[in-house]
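**Q** What follows is a single structure, and I will ask about it in a moment.
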Amino acid sequence: MTEVEWPKSDAPGECPVRGAERLHGPRMRQDPKVLYRDMRREHGPVVPILLEGDLPAWLVLGYREVHQVTSDTELFARDSRRWNQWDRIPPDWPLWPWIGVEPSVLVSEGAEHDRRAGAVGDALAEVDQFELWGKCERIADELIDSFAGSGRADLVADYAERIPLLVVADLCGMPEPQTRELATDLANVIDGAAESMHAYQRLRGTVELLMRVKRARPGPDVPSRLLAHPAGLTDEEFIQDLLVVMTAGHQPTANWIGNTLRLMLTDERFALNLSGGRRSVSDALNEVLWEDTPSPNVLGRWAVRDTRLGGRQIRAGDLLVLGLSGANTDPQVWPERTSARTAGNHAHLAYGYGEHGCPFPAPEIAEVIAKSTIEVLLDRLPDLLLDVDPADLVWRESAWIRGLEALPARFTPSYARRA
Numbered sequence: 120m121t122e123v124e125w126p127k128s129d130a131p132g133e134c135p136v137r138g139a140e141r142l143h144g145p146r147m148r149q150d151p152k153v154l155y156r157d158m159r160r161e162h163g164p165v166v167p168i169l170l171e172g173d174l175p176a177w178l179v180l181g182y183r184e185v186h187q188v189t190s191d192t193e194l195f196a197r198d199s200r201r202w203n204q205w206d207r208i209p210p211d212w213p214l215w216p217w218i219g220v221e222p223s224v225l226v227s228e229g230a231e232h233d234r235r236a237g238a239v240g241d242a243l244a245e246v247d248q249f250e251l252w253g254k255c256e257r258i259a260d261e262l263i264d265s266f267a268g269s270g271r272a273d274l275v276a277d278y279a280e281r282i283p284l285l286v287v288a289d290l291c292g293m294p295e296p297q298t299r300e301l302a303t304d305l306a307n308v309i310d311g312a313a314e315s316m317h318a319y320q321r322l323r324g325t326v327e328l329l330m331r332v333k334r335a336r337p338g339p340d341v342p343s344r345l346l347a348h349p350a351g352l353t354d355e356e357f358i359q360d361l362l363v364v365m366t367a368g369h370q371p372t373a374n375w376i377g378n379t380l381r382l383m384l385t386d387e388r389f390a391l392n393l394s395g396g397r398r399s400v401s402d403a404l405n406e407v408l409w410e411d412t413p414s415p416n417v418l419g420r421w422a423v424r425d426t427r428l429g430g431r432q433i434r435a436g437d438l439l440v441l442g443l444s445g446a447n448t449d450p451q452v453w454p455e456r457t458s459a460r461t462a463g464n465h466a467h468l469a470y471g472y473g474e475h476g477c478p479f480p481a482p483e484i485a486e487v488i489a490k491s492t493i494e495v496l497l498d499r500l501p502d503l504l505l506d507v508d509p510a511d512l513v514w515r516e517s518a519w520i521r522g523l524e525a526l527p528a529r530f531t532p533s534y535a536r537r538a
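What follows is the structure in C-alpha cells.
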C-alpha cells in the first residue's frame, strides 16, 4: 500500500486517513481484482484513494454501498460543482472531460435530468433492434472479409474496436470519413490519457458539425430525433448529451466484445463453444459483465452533506468513485465466485444503478451489437485460436476502462463470405 498522509483538519475535503491507495499506475493493468481484494482487506468497502494529481477521493467497493450511493440521490448527488477540491484542479488534468462542469446529462439532476435522459432514451428507443442486428452482421462480415484470407488477426484492433464505432456512426447518420479519428479520441477521453482534453475538443467539434448538418437535413437517426424531441434541448445540451451517447456506445461495447472473445478463447468452459459446444455466447457476455466489466470504475458522486458510508466519515463535497468491478466481486455478496452464480444472473452493476444508471434501451442495444458480432465471428471462423500464450495478453493501463491492448488470433484462411 502506498503511504500518503491526508491532512487532519476540519476543512472540507480533508479526510483524517493516514493511508490512501493510488487508483492509477501499473497495478491496475494485469489483475485489478488482486488490488481490489487488498484494498478491501486493508480499508473495508469504502477506500481512501488518490486520483491523478494526488487528489483525494473515495472508492466504493462494496456491492451494498454502491447500491446505496446510486439509489440515494438526495445524499449522493451527481453535479460535480459540489466538489470540495476544485481549487486544486489544474487546467490540463486528464480526467477533466469526465468530471468537469460541462452541462451533460451525466451531471444533471432532478427534473432537468429526467427531461434530458428521457430525450436520450426516446431517441434510442426508436432504433429497430432487428434492423440493428442485420446491420451488425453486415459490418462484421465486411470486417472479417478484410482479414479472413490471412489466417491471423488482432481481434481488438481489427474487429472489436471497429464494430461499435461503425455502428454508432451509422446510428448517428455520420459519413464514414468522419469516423476515422473518432476511435482514438474516444479511447483517449475514456482512458483519461494525457491527450484527453485535446481529444475531447475534437469530439466536440465533430458533434457541432453533425448538429448543423442534421438541423439542415434531418434523417432517421439518433441526432435528428434528439433535435426534434419535445424536451427542446438547447444546442449545448444536444452537444453534451450526444457526446455521452457516442462515448458510452463505443469504448465500453468494444471492450465488452474483446473481453468476451478473450474469455471464450482462454477458458475451456467456453472454448468448446467455438466448435458448437455447450456454452452460449450470452453466458460468456454475462460473465464478463460480472468479472471483467468494461467500465470498472465510474466518476462519480458527491456527498451533499456530512455522512457515514461503510464505516467511513464522508464530508460534504467529497468525491465518491463507483467501484463497479469491485462491487461485482464483493465477497460479502458472493462468498464463492463461480460461473453458476453468474449464469442467468443479471444483478451485476456493470450498467450502474438508479437514476444515473445506463438509460433504457442502451444496454439492450449494446447487447445486440456485442452478441451479433461475436456470433458472426465464430460462425465464419469456427477454428479460431489464441495466437499467444494467455499470460502474454496485456491489459490497458486504465482505472476507467477494462480492455486488452491486443488479442492476436489465428485460424484457417478463408475467402468465402458466409451465405
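All letters in the sequence shown, in the order written, are residues 120 to 538 by our numbering.
Each residue gets a CB set at the ideal place from its N, CA and C atoms; glycine is no exception.
Nearest-angstrom Cα distance between residue 139 and residue 169?
**A** About 6 Å.
**Q** Do you know whose CA, among 189, 158, 177, 150, lies nearest residue 468's CA?
**A** The shortest Cα separation from residue 468 among 189, 158, 177, 150 belongs to 189.
**Q** So the alpha helix (DSSP H) residue 358 belongs to, where does it begin and stop?
**A** Segment 354 to 385, the alpha helix (DSSP H) holding residue 358.
**Q** Quick check on the DSSP output: the alpha helix (DSSP H) that includes residue 511 runs from which residue to which?
**A** Counting along the chain, residue 511 falls outside any alpha helix (DSSP H), and DSSP gives it neither H nor E.
**Q** Identify, in the order they occur along the chain, each residue of the same chain with its Cβ nearer than 6 Å to the Cβ of residue 336, setting aside the five sequence neighbours on each side.
**A** Once the five neighbours on either side are set aside, residue 336 has no close Cβ partner at all.
**Q** What residues are listed by DSSP as bridge partners for residue 195?
**A** Answer is 422, bridged to residue 195.
**Q** Would the C-beta of residue 186 count as close to the ligand SAM, meaning under 7 Å from any of its heavy atoms?
**A** With respect to the ligand SAM, the structure offers nothing, as it holds no ligand at all.
**Q** Please tell me whether residue 142 and residue 518 are closer than 8 Å, where the distance is taken between their beta carbons.
**A** Cβ atoms of residue 142 and residue 518: closer than 8 Å.
**Q** Which residues in the same chain have their Cβ closer than 7 Å to the Cβ of residue 531, if we skip the five residues on either side of it in sequence?
**A** Excluding sequence neighbours, residue 531 sits near 270, 502.
**Q** Starting from residue 142, trace the alpha helix (DSSP H) in both directions and tell me its first and last residue.
**A** Looking at the DSSP string, residue 142 is not in any alpha helix (DSSP H), and its letter there is neither H nor E.
**Q** What are the start and end residues of the beta strand (DSSP E) that includes residue 179?
**A** Looking at the DSSP string, the run of the beta strand (DSSP E) that includes residue 179 is 174 to 179.
**Q** Measuring CB to CB, does residue 490 end up less than 8 Å from residue 407?
**A** Not in contact: residue 490 and residue 407 (Cβ atoms no closer than 8 Å).
**Q** Measure the C-alpha to C-alpha separation of residue 279 and residue 375 and round it to an integer number of angstroms.
**A** If I take the Cα positions, the gap works out to 8 Å.
**Q** Starting from the C-beta of residue 534, find all residues in its chain whose C-beta is less than 7 Å away, skip the five residues before and the five after it, and write them out in chain order.
**A** Within the same chain, residue 534 has close Cβ partners 267, 268.
**Q** Please classify residue 526 as buried or exposed, where buried requires at least 16 neighbouring CB atoms within 10 angstroms.
**A** Buried: at least 16 other Cβ atoms inside 10 Å.
**Q** If the criterion is Cβ atoms closer than 8 Å, does the pair residue 523 and residue 263 meet it?
**A** Not in contact: residue 523 and residue 263 (Cβ atoms no closer than 8 Å).
**Q** Kindly provide the ranges of any alpha helix (DSSP H) runs that are 4 or more residues long and lie completely inside the segment 184 to 262, ordered along the chain.
**A** The qualifying runs are 215 to 218, 229 to 244.
**Q** Go through the segment 270 to 303 residue by residue and report every complete run of the alpha helix (DSSP H) that reaches 4 residues or more, in order.
**A** Counting whole runs of 4 or more residues, the segment 270 to 303 contains the alpha helix (DSSP H) stretches 281 to 290.
**Q** Straight-line CA distance for residue 409 to residue 422?
**A** When rounded, the distance between both Cα atoms is 27 Å.
**Q** Buried or exposed, going by whether 16 or more other CB atoms sit within 10 Å of the CB of residue 475?
**A** Residue 475 comes out buried.
**Q** Along the beta strand (DSSP E) that carries residue 432, what are the first and last residues, could you check?
**A** Residues 431 to 433.
**Q** Mapping DSSP to helix, strand and coil, what is residue 527?
**A** If DSSP states are grouped into helix, strand and coil, residue 527 belongs with the strands.
**Q** Going by alpha carbons, who is nearest to residue 223 out of 428, 364, 356?
**A** Answer by Cα proximity: 356.
**Q** Considering only the beta carbon of each residue, do residue 290 and residue 211 sit closer than 8 Å?
**A** No, Cβ-Cβ distance for residue 290 and residue 211 is not below 8 Å.
**Q** Quick check on the DSSP output: the alpha helix (DSSP H) that includes residue 445 runs from which residue to which?
**A** Residues 443 to 447.
**Q** Take residue 287 and list the residues in its own chain whose beta-carbon comes closer than 7 Å to its own, dropping the five residues that flank it on each side.
**A** Excluding residues within five positions, the ones whose Cβ falls inside 7 Å are 365, 368, 369.
**Q** Helix, strand or coil: how does DSSP classify residue 572 here?
**A** Examination of residue 572 is not possible in this model, given that the chain is present from 120 through 538 alone.
**Q** Please work out which residues of its chain come closer than 7 Å, Cβ to Cβ, to residue 294, disregarding the five sequence neighbours upstream and downstream, and give them in chain order.
**A** No residues qualify anywhere along the chain.
**Q** Please report the straight-line C-alpha distance between residue 195 and residue 405, rounded to a whole angstrom.
**A** Cα-Cα distance, rounded: 28 Å.
**Q** In whole angstroms, what separates the C-alpha of residue 449 from that of residue 305?
**A** Going from the Cα of residue 449 to the Cα of residue 305 covers about 30 Å.
**Q** Which residue comes first and which comes last in the alpha helix (DSSP H) that contains residue 336?
**A** Unbroken run through residue 336: none, as it is neither H nor E.
**Q** Buried or exposed: residue 344, going by 16 or more other Cβ atoms within 10 Å of its Cβ?
**A** Buried is the call here.
**Q** Spell out the partners DSSP gives residue 428 in its beta bridges.
**A** DSSP output for residue 428 lists 431 as bridge partner(s).
**Q** Between residue 316 and residue 215, is the Cβ-Cβ spacing less than 8 Å?
**A** The answer is yes: Cβ separation under 8 Å.
**Q** Roughly how many angstroms lie between the CA atoms of residue 201 and residue 281, to the nearest whole one?
**A** So the alpha carbons of these two residues sit roughly 37 Å apart.
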